Amino acid sequence: MLNRFFLTLRDAGIPVTLTEYLALLAALDARVAVEDVDGFYYLARAALVKDEKHYDRYDRAFGAHFKGAEQAFAALAKDIPADWLRKTLERVLTEEEKARVEALGGWDKLMETLAERLREQRGRHEGGSKWIGTGGTSPFGHGGFNPEGVRIGGQGGGRRAVKVWEKREFRNLDDTIELGTRNIKIALRKLRRFARDGAAEEFDLGGTIDSTARNAGLLDLKFVPERHNAVKVLLFLDVGGSMESHVRVCEELFSAARSEFKHLEYYYFHNFLYESVWRDGRRRQAVRTPTLEIMRTYPPDYRLIFVGDASMSPYEIMQPGGSIEHWNDEAGAVWMQRLTSRYPKHVWLNPEPENRWDYTASVGITRKLLDERMYPLTLEGLDRAIRALRA
Amino acid sequence: MTSKFSGTERYVATDDLMMAVNAAVTLTRPLLVKGEPGTGKTQLAEEIAAALDKPLYRWHIKSTTKAQHGLYEYDAVSRLRDSQLGEAKVHDIGNYIVKGRLWEAFDSSTQAVLLIDEIDKADIEFPNDLLLELDRMEFFVHETRELVKARHRPIVVITSNNEKELPDAFLRRCFFHFIRFPDTETMTRIVAVHFPDLKRELLSEALNAFFRVREVPGLKKKPSTSELLDWLKLLLAEDVPPEALRTDDPRKSLPPLYGALLKNEQDVHLFEQVMFLQRRQQR
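One line per chain: the protein sequences are A and B, in this order. In this text, residue positions in the first sequence follow my numbering: the first is 11, and each later residue adds one. In this text, residue positions in the second sequence follow my numbering: the first is 72, and each later residue adds one.
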């Protein structure tokens, strides 16, 4: 009975493993929970579920299993034989994949879509990426894994989720998932590596030898200060218009990264860089910081990171007075050149998918201005960007 | 067989928490506790130690803590220095091995409780570096070629504030419990444990005001249990009457001594605005 429960949990998208299951059995063997359902419920939860965001899923799976009722999946899919759905065909996953396969999110939404999909589907299906079946990568059905499940199910279907999915593109998108809140952690690791790059030995060997020799052979230890977290970052975030939905994610990312960087300064701009930027969205008209002042304040060893979709009219970059918000005496391109020459280490992160960049003229112009140092705001893109910043 | 943990006089444990603790104690596997700040994660270890009458070893993790610090440190520098001064103890390398908290807990003559506090503060690889040590409860001291093995497998309580994701391999070896924010009923019990002679009227008004503050959407830092307790302490010290906690008075929207609950001025501002809007809607 418990084996089935274990499988049910896995089917429900909770990443339980054999080790944990054995721990539960050991605990039962040691009579930690004595024959009452509540106790067993708590015990199994403590042993099997390692993240509070899975609690809800666990509750449902537990309820479904121990009511003796068919699984919610099977209930909806009356015409699908239960053993077919239960078949535990699993792709062998690497740890990395597992981390990315962060389950399917918003249950109700999923069920809704599932019901729809079921109406469309005829007959048995195996593999593939859309239909319900075994061993596939659709977020429905089971034994399959879908790295994009978070985006499609959880975040209510981004602007293009379903279409991408029908084109069966997502299998290749593995490491190019857009940064979501869940992925921030992984991205952070990259930033951390980057931030800790400067860490040096505290013990100054050369200095010690030198000083010991001068000291007639009597040991005289020398230390150098740890060059920890020496990376300084100037962050410019595009806000407004098409960027609204991305900014929150970026901000979360970099505020989380904050502790890693000794100096992280951030400013906002709209569409492109001009003579001033601002820090407080609510008072952006009143309190602005001149770009020149920034260039005076922060030395050139700061790394410059722009985050924006760079999608605008080319005039906004090339022409004086091109800004859509105010009259700018000098073109955005001029300001960009000033900034990039002051700060030689700079990148532009673009939340738009890379294959769409060519369709927007302004993206091309911006890339030229930045010596092609534009990277998509994905894990893989961030990796490249950080490499560029390090170099 | 170890005795069961069921909360203490000063600590209210819910059923699920008790179960998780007992499972961890019985199987001597680490217990990972997560939850909002101020819900008593750290205190849990202290209370387990007190309830089961075991010594407690605290290991507070900082951003610079390395796994090795918990095991032992080899003080090569002072050995080098001693060698120049011709000290006799220099011949025994063991004199320069400084025990870490984990070692101390392993060394304890009775079963100990080991608290690894805020594990998420450390480097992302930190938990991975402790896998074997926590699993087998042993480690090897390379300098002295000595295998340190726990005399009694300690009860390990690990707390995390969710600042970093913990690795799967680590999670697999732990029991897990998420301390939920207490509901009104549990909160009443908790408060009763700390302030046994609080007037009932004051308590219910205070709890109302407290949960009202918590419900405001978008607060940067929601007040937690420990902040509620602090606030009650202040209310008692200032002898605030229960009536003062009601917010019918349109001119005053903030509860008295709100500084104990709201910890930054944006939150105070936000709270005032929300209260203002609510009152306007009621009219």
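Note that beta-carbon positions come from the ideal geometry of N, C-alpha and C, so glycine has one too. Note that the structure is predicted; figures quoted are calculated from it, not measured.
Length at least 4, wholly inside the segment 329-353 of chain A: the alpha helix (DSSP H) runs in chain order: 342-352
Closer than 8 Å to chain B by CB, A/R161: To locate residue 161 of chain A, count along the first sequence from 1; it is residue 151. The pLDDT assigned to A/R161 is 32, lower than 50, so where the model puts this residue is not dependable, and the model offers no usable value.
Contained beta strand (DSSP E) runs [length at least 3] in the segment 138-207 of chain B, N- to C-terminal order: 143-145, 168-170 and 184-188
Through-space distance from B/F266 to A/E362, alpha-carbon basis: For the purposes of this step, residue 362 of chain A is taken as residue 352 along the first sequence, with counting starting at 1. For the purposes of this step, residue 266 of chain B is taken as residue 195 along the second sequence, with counting starting at 1. Using only the alpha carbons, I get a separation of about 56 Å.
Exposure of A/I219, with buried meaning 16 or more beta-carbon neighbours within 10 Å: Residue mapping note: residue 219 of chain A aligns to position 209 of the first sequence, counting from 1. When all chains shown are included, A/I219 counts as exposed.
Residue burial classification, B/S231 (beta-carbon count within 10 angstroms, cutoff 16): As a position in the second sequence, residue 231 of chain B is number 160, starting the count at 1. When all chains shown are included, B/S231 counts as buried.
Extent of the continuous beta strand (DSSP E) to which A/Y277 belongs: Within the first sequence, residue 277 of chain A is the residue found at index 267, counting from 1. Start and end: H273 to F279.
Min CB distance B/M90 to chain A below 8 Å: As a first step, residue 90 of chain B must be located in the second sequence, where it is residue number 19. So yes, B/M90 belongs to the interface.
Beta-carbon separation (whole angstroms), B/T181 vs B/E118, contact threshold 8 Å: Here residue 181 of chain B refers to the residue found at position 110 when the second sequence is read from its first residue. Here residue 118 of chain B refers to the residue found at position 47 when the second sequence is read from its first residue. So it is not a contact: roughly 18 Å between Cβ atoms.
Bridge-paired residues (DSSP) for B/G106: Start at 1 with the first residue of the second sequence, and residue 106 of chain B comes out as number 35. Answer by DSSP bridge pairing, in chain order: B/I250.
Option in A/L17, A/D39, A/F76 and A/S323 with minimal Cα separation from A/V47: In the first sequence, counting from the first residue as 1, residue 47 of chain A sits at position 37. With distances taken between Cα atoms, A/V47 lies closest to A/F76.
Sequence-distant residues of its chain with Cβ nearer than 6 Å to A/K355 (five each side left out): In the first sequence, residue 355 of chain A corresponds to position 345, counting from 1. Answer for A/K355: R313 and L399, listed in chain order.
Residues sharing a beta bridge with A/F233, DSSP: For the purposes of this step, residue 233 of chain A is identified with residue 223 of the first sequence, where counting begins at 1. Paired residues: A/F213.
Top-ranked residue by Cα proximity to B/M294, from B/G109, B/N199 and B/L98: Against the second sequence, residue 294 of chain B aligns to sequence position 223. The sequence shown places Pro at residue 294 of chain B, not Met. For B/P294, the nearest C-alpha among the options comes from B/G109.
For A/D248, the three-state DSSP class (helix, strand or coil): Counting from one through the first sequence, the residue named residue 248 of chain A turns up at place 238. DSSP places A/D248 in strand when its eight states are reduced to three.
Close beta carbons around B/Y395, own chain, < 7 Å, minus the five adjacent residues each side: In the structure as shown, chain B starts at 72 and stops at 354, and residue 395 of chain B therefore has no counterpart that could be examined.
CA-to-CA distance, A/K378 to A/Y278, given in whole angstroms: Indexing the first sequence from 1 puts residue 278 of chain A at position 268. Indexing the first sequence from 1 puts residue 378 of chain A at position 368. Cα to Cα, A/Y278 sits roughly 22 Å from A/K378.
A/T104 burial status per 10 Å Cβ neighbour count (16 or more: buried): Counted from its first residue, the first sequence places residue 104 of chain A at position 94. Since pLDDT at A/T104 reaches only 42, below the 50 mark, its modelled position is unreliable, and no value is offered.
Cut-off 8 Å between Cβ atoms - residues of its own chain near A/Y51, not counting five sequence neighbours on either side: As a position in the first sequence, residue 51 of chain A is number 41, starting the count at 1. Same-chain partners within the cutoff: F72.
Exposed unless 16 or more other CB atoms sit within 10 angstroms - verdict on B/H131: Residue mapping note: residue 131 of chain B aligns to position 60 of the second sequence, counting from 1. Burial call: exposed.
Rounded straight-line distance, which links the Cα of B/E298 to that of A/D66: In the first sequence, the residue the question calls residue 66 of chain A occupies position 56. In the second sequence, the residue the question calls residue 298 of chain B occupies position 227. Going from the Cα of A/D66 to the Cα of B/E298 covers about 28 Å.
Nearest residue (CA-CA) to A/L247, options A/D230, A/H280 and A/Y284: Numbered from 1 along the first sequence, position 237 holds the residue referred to as residue 247 of chain A. For the residues A/D230, A/H280 and A/Y284, the minimum Cα distance to A/L247 belongs to A/H280.
Residue range of the beta strand (DSSP E) that includes A/M384: Counting from 1 along the first sequence, the entry for residue 384 of chain A is found at position 374. Looking at the DSSP string, the run of the beta strand (DSSP E) that includes A/M384 is M384 to P386.
Chain B within 8 Å of A/I90, Cβ atoms only: Mapped onto the first sequence, residue 90 of chain A falls at position 80. Confidence is the limiting factor: at A/I90 the pLDDT is only 39, short of 50, which leaves the residue's position unreliable, though a coordinate-based value still follows. No, A/I90 lies away from the interface with chain B (no Cβ there is under 8 Å from its Cβ).
Chain B within 8 Å of A/L389, Cβ atoms only: Residue mapping note: residue 389 of chain A aligns to position 379 of the first sequence, counting from 1. Judged by the 8 Å Cβ criterion, A/L389 is not in contact with chain B.
Environment of B/K125 [buried if 16+ CB atoms lie within 10 Å]: Position 54 of the second sequence, counted from the first residue, corresponds to residue 125 of chain B. It counts as buried.
Neighbourhood of B/Q337 by C-beta distance below 8 Å, restricted to the same chain and skipping five residues each side: The count along the second sequence starts at 1 and reaches residue 337 of chain B at position 266. Closer than 8 Å at Cβ, skipping near neighbours: K291.
Whole-Å CB distance - B/R251 paired with B/L205, under 8 Å assumed: Your numbering for residue 251 of chain B matches position 180 in the second sequence. Your numbering for residue 205 of chain B matches position 134 in the second sequence. Not confirmed; about 25 Å, so no contact.
Per-residue DSSP class, three states only, for B/R224: Position 153 of the second sequence holds residue 224 of chain B. B/R224: coil per DSSP, three-state reduction.
Outcome for A/R20 when other beta-carbon atoms lying within 10 angstroms are tallied against a minimum of 16: Taking the first sequence and counting its residues from 1, the one referred to as residue 20 of chain A is at position 10. A/R20 comes out buried.
Test: A/Y385 CB closer than 8 Å to a CB of chain B: For the purposes of this step, residue 385 of chain A is identified with residue 375 of the first sequence, where counting begins at 1. No, its Cβ sits nowhere closer than 8 Å to a Cβ of chain B.
Local conformation of A/T299 per DSSP, three classes: What you label residue 299 of chain A is simply residue 289 of the first sequence in a count that begins at 1. Note: A/T299 maps to strand in three-state DSSP.
Closest by C-alpha distance to A/F316, when choosing among A/T29, A/K60 and A/N360: In the first sequence, the residue the question calls residue 316 of chain A occupies position 306. Among A/T29, A/K60 and A/N360, the Cα nearest to that of A/F316 belongs to A/N360.
Beta-carbon proximity of B/L315 to B/P327, cut-off 8 Å: For the purposes of this step, residue 315 of chain B is taken as the residue at position 244 of the second sequence. For the purposes of this step, residue 327 of chain B is taken as the residue at position 256 of the second sequence. A small correction: the amino acid at residue 315 of chain B is Ala; Leu does not occupy that position in the sequence shown. A contact, by the Cβ cut-off of 8 Å.
Top-ranked residue by Cα proximity to B/D191, from B/H223, B/L218, B/V219 and B/T135: Numbered from its first residue, the second sequence carries residue 191 of chain B at position 120. Ranking B/H223, B/L218, B/V219 and B/T135 by Cα distance to B/D191 puts B/T135 first.
Boundaries (first-last residue) of the alpha helix (DSSP H) holding B/Y128: Within the second sequence, the letter at position 57 stands for residue 128 of chain B. Here B/Y128 belongs to no alpha helix (DSSP H); instead the beta strand (DSSP E) covers L127 to H131.
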